[in-house]
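Working notes for the structure below.
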Ligand SMILES: Nc1ncnc2c1ncn2[C@@H]1O[C@H](COP(=O)(O)OP(=O)(O)OP(=O)(O)O)[C@@H](O)[C@H]1O
Ligand SMILES: [Mg+2]
């Protein structure tokens, strides 16, 4: 397998006493799209929220095991730094309602009190919006509120916002489940291009989506990692019976 | 047969509707009546001189109420400086730690504070501020009014901050923004229209308070800009003038009532407008 950017070692995640991620060890290869599949409630969101230390924000939540970003334990690092290196896009688009499109893209800097030169800021905004494939759509409306955009545009704005702080990994938690098919396919195309510059971890409910965009696929079931490997192999010759049943739609 | 039934039902509906409309009109009438009466009595004395002039002794015409207007503004300022920072941070605390024990007791005490008669708050401010400082002052009056305003600001901030979606705060945290900045620069700005409107309602409420000022701001015949000296206020002036036997003073009391009512109305109307127009759309 290629270079692993992110690795987990026997990762367990809890809400209070209940363990919802069970001893998951996985290596996420660089500049690829890794899909995390599994039925509802199997711990996909919880798992990826351990990867940027968002899980610990829930009261009573805790983790065991290790998460290594380029061989450094993220739980030994400053949590804010981890979150800048491992960005996240959520299920529902959530642009900041009080900010313009321009300010939304720069939010990672502005809200942190980092001052940018005008030219620098302009460059970051243009670059990030280009990467999110929406520069041409919004370049004339940069100073309008982000909340006036369509759902799909809002989601791409959120992707641009997370790319703006130059993360190494971006976690996408069912980024298209609130979008229509057209907006969905735009975001799927986008991921294809994005993986040139970042590593992508995509949680999806949608088996088709996983097969279309991912290079590697992990299958989680009841908090356990049942199967992980190149997408083509997982989809054609799954090692586990459970994976096969999930893929042909027996449950999920 | 069924036609008859329908007709009966329709008639019942009409009667019911009529009664409902009648009663809701009934609840508007007192306000209309107050406004009409006050304006009729008071509008006549209001002119530029009335607004910028100082009180004259009884028997002399052409006195103004500038000292009371200035005093009221000073009291509102002190009360706001006291109640807004405390109230908004209280609201942040209550919305962030909804279920903690401390939040429970905070909420309880805020509710109780809201129910304490304003005269009692005046006495407290007298004991805590006037006595130690040794004098009546705008400052002590502002603190008393601030204590009345505080629960309103806490409650309204809590309510609007609760409406800020959790996902918005998560978006900020996931960008590596520390928690305190997330609250101050994402949650509070998103809730700002609601917070401002709560503050305005609070101001409208305290602008008309008289009782807590009797032994704090005390009242003053003269113009005073010093925070640490007694000041007049509109309600105090109305109270004193209305009780006086002099015709000019009584008329001035009506005029001052108009000004006060306008301040209260403006507070309410602007607060409404802010909520309707600038409400954050999530
Ligand atoms: N804040 C929480 N407190 C307690 N339990 C939680 C919390 N969030 C999730 N859970 C539980 O943890 C388990 C895993 O939830 P998680 O959200 O990670 O699943 P998921 O695979 O992302 O599901 P979905 O596909 O529906 O998004 C579920 O059983 C859920 O009920
Ligand atoms: Mg989920």
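Protein chains in written order, with the working numbering: chain B, 12 to 263; chain A, -4 to 277.
We put the beta carbon where it would ideally sit given N, CA and C, even for glycine.
**Asked** For residue 224 of chain A, does the three-state DSSP call read helix, strand or coil?
**Response** In the structure shown, residue 224 of chain A sits in coil (DSSP, three-state: anything other than H, G, I, E or B).
**Request:** Report the residue ranges of all beta strand (DSSP E) runs contained in full by the region 129 to 165 of chain B; include only those spanning at least 3 residues, in chain order.
**Result:** Listed in chain order, there is nothing to give.
**Request:** Examine ligand 4 and report whether any of its heavy atoms sits within less than 7 Å of the Cβ of residue 53 of chain B.
**Result:** This structure does not include ligand 4; its bound ligands are ligand 1 and ligand 2.
**Request:** Following the continuous alpha helix (DSSP H) through residue 119 of chain B, name the residue where it begins and the one where it ends.
**Result:** 118 to 121 is the extent of the alpha helix (DSSP H) around residue 119 of chain B.
**Request:** Starting from residue 109 of chain B, find everything on chain A with Cβ-Cβ shorter than 9 Å and list it in chain order.
**Result:** What residue 109 of chain B touches in chain A, judged by beta-carbon distance under 9 Å, is 181, 184, 185, 187, 275, going in chain order.
**Prompt:** residue 100 of chain B bridges to which residues according to DSSP?
**Reply:** Bridge partners of residue 100 of chain B: B/183.
**Message:** I want to check one thing, is the minimum distance from the CB of residue 56 of chain B to the heavy atoms of ligand 2 below 7 Å?
**Reply:** Under cutoff, so the answer is yes.
**Request:** Using a Cβ-Cβ cut-off of 8 Å, state whether residue 165 of chain A counts as contacting chain B.
**Result:** By the rule that beta-carbons nearer than 8 Å mark a contact, residue 165 of chain A touches chain B.
**Asked** For residue 171 of chain A and chain B, any beta-carbon pair shorter than 8 Å?
**Response** Against chain B, the CB of residue 171 of chain A has a partner CB under 8 Å away; the residue lies at that interface.
**Prompt:** Which residues of chain B have a Cβ atom closer than 8 Å to the Cβ of residue 168 of chain A, listed in chain order?
**Reply:** One finds 65, 68, 94 in chain B with Cβ atoms closer than 8 Å to the Cβ of residue 168 of chain A, taken in chain order.
**Asked** Mind checking whether the beta-carbon of residue 216 of chain B lies closer than 7 Å to any heavy atom of ligand 1?
**Response** Because some heavy atom of ligand 1 lies under 7 Å away, the Cβ of residue 216 of chain B counts as near it: yes.
**Asked** For residue 141 of chain A, which option in A/155, A/156, A/124, A/88 has the closest C-alpha, if you only look at C-alpha atoms?
**Response** Closest by alpha carbon: A/124.
**Item:** C-beta contact flag for residue 166 of chain B and residue 104 of chain B at 8 Å
**Value:** Cβ atoms of residue 166 of chain B and residue 104 of chain B: closer than 8 Å.
**Request:** Would you check whether ligand 2 has a heavy atom nearer than 7 Å to the C-beta of residue 165 of chain A?
**Result:** Flag unset: Cβ of residue 165 of chain A not near ligand 2.
**Message:** Whole angstroms are fine: how far does the CA of residue 88 of chain A sit from the CA of residue 102 of chain A?
**Reply:** A direct Cα-to-Cα measurement between residue 102 of chain A and residue 88 of chain A gives close to 10 Å.
**Request:** Using only alpha-carbon positions, find the residue among A/271, A/203, A/219 that is nearest to residue 188 of chain A.
**Result:** Comparing Cα-Cα distances from residue 188 of chain A to each of A/271, A/203, A/219, the minimum goes to A/271.
**Prompt:** Taking the DSSP output, what are the residues bridged to residue 44 of chain B?
**Reply:** According to DSSP, residue 44 of chain B bridges with B/211.
**Message:** Quick check on the DSSP output: what are the complete alpha helix (DSSP H) runs of length 4 or more inside the region 133 to 186 of chain A, in order along the chain?
**Reply:** Listed in chain order, the complete alpha helix (DSSP H) runs (minimum 4 residues) inside the region 133 to 186 of chain A are 133 to 157, 161 to 169, 174 to 177.
**Prompt:** Fully enclosed by the region 60 to 127 of chain A, which beta strand (DSSP E) runs are 3 residues long or longer?
**Reply:** Entirely contained in the region 60 to 127 of chain A, not one beta strand (DSSP E) run reaches 3 residues.
**Request:** Can you say whether residue 269 of chain A is buried or exposed, counting buried as having 16 or more other CB atoms within 10 angstroms of its CB?
**Result:** By the beta-carbon neighbour count (other beta carbons within 10 angstroms, threshold 16), residue 269 of chain A is buried.
**Prompt:** Mind pulling the chain B residues with CB within less than 7 Å of residue 162 of chain A?
**Reply:** Residues of chain B passing the Cβ test: 101, 103, 105.
**Asked** Taking the DSSP output, what are the residues bridged to residue 241 of chain B?
**Response** According to DSSP, which records beta bridges pairwise, residue 241 of chain B is partnered with B/227.
**Prompt:** Tell me the DSSP bridge mates of residue 213 of chain A?
**Reply:** DSSP lists A/226 as partners of residue 213 of chain A.
**Asked** Under a three-way DSSP split, which group does residue 37 of chain B fall into?
**Response** Here residue 37 of chain B sits in strand by DSSP.
**Asked** Quick one: does residue 176 of chain A have its CB under 8 Å from some CB of chain B?
**Response** It does: the Cβ of residue 176 of chain A has a partner Cβ on chain B nearer than 8 Å.
**Message:** Checking the sheet assignment: what are the DSSP bridge partners for residue 73 of chain B?
**Reply:** According to DSSP, residue 73 of chain B bridges with B/25.
**Prompt:** How long is the line joining the alpha carbons of residue 120 of chain B and residue 168 of chain B, rounded to whole angstroms?
**Reply:** Rounded to whole angstroms, the gap between the alpha carbons of residue 120 of chain B and residue 168 of chain B is 15 Å.
**Item:** Rounded separation between residue 113 of chain A and residue 143 of chain A - CA only
**Value:** Taking C-alpha positions only, residue 113 of chain A is separated from residue 143 of chain A by approximately 7 Å.
**Message:** Within 8 Å, do at least three Cβ pairs link the region 44 to 52 of chain B to the region 66 to 73 of chain B?
**Reply:** The region 66 to 73 of chain B, when compared against the region 44 to 52 of chain B, does not touch it at the 8 Å Cβ threshold.
**Item:** Assigned secondary structure, residue 17 of chain B (DSSP; H/G/I helix, E/B strand, else coil)
**Value:** Of the three classes helix, strand and coil, the one that applies to residue 17 of chain B here is strand, per DSSP.
**Request:** Please name the residues in the region 120 to 142 of chain B whose beta-carbon is closer than 7 Å to at least one beta-carbon of chain A, in chain order.
**Result:** Per Cβ criterion, the list reads 122, 123.
**Cβ-heavy atom distance, residue 92 of chain A to ligand 1, below 7 Å** = No; taking the cut-off as 7 Å, the Cβ of residue 92 of chain A has no heavy atom of ligand 1 nearer than that.
**Prompt:** Between the region 201 to 209 of chain A and the region 230 to 247 of chain A, are three or more C-beta pairs nearer than 8 Å?
**Reply:** Yes, the region 201 to 209 of chain A touches the region 230 to 247 of chain A.
**Request:** Kindly indicate if chain A contains any beta-carbon less than 8 Å away from that of residue 189 of chain B.
**Result:** So no, residue 189 of chain B is outside the interface.
**Asked** In three-state terms, what does DSSP make of residue 248 of chain B?
**Response** The DSSP-derived three-state label of residue 248 of chain B is coil.
**Asked** Would you say the region 61 to 72 of chain A touches the region 210 to 218 of chain A, given that touching needs at least three Cβ pairs under 8 Å?
**Response** At 8 Å Cβ cutoff, the stretches touch.
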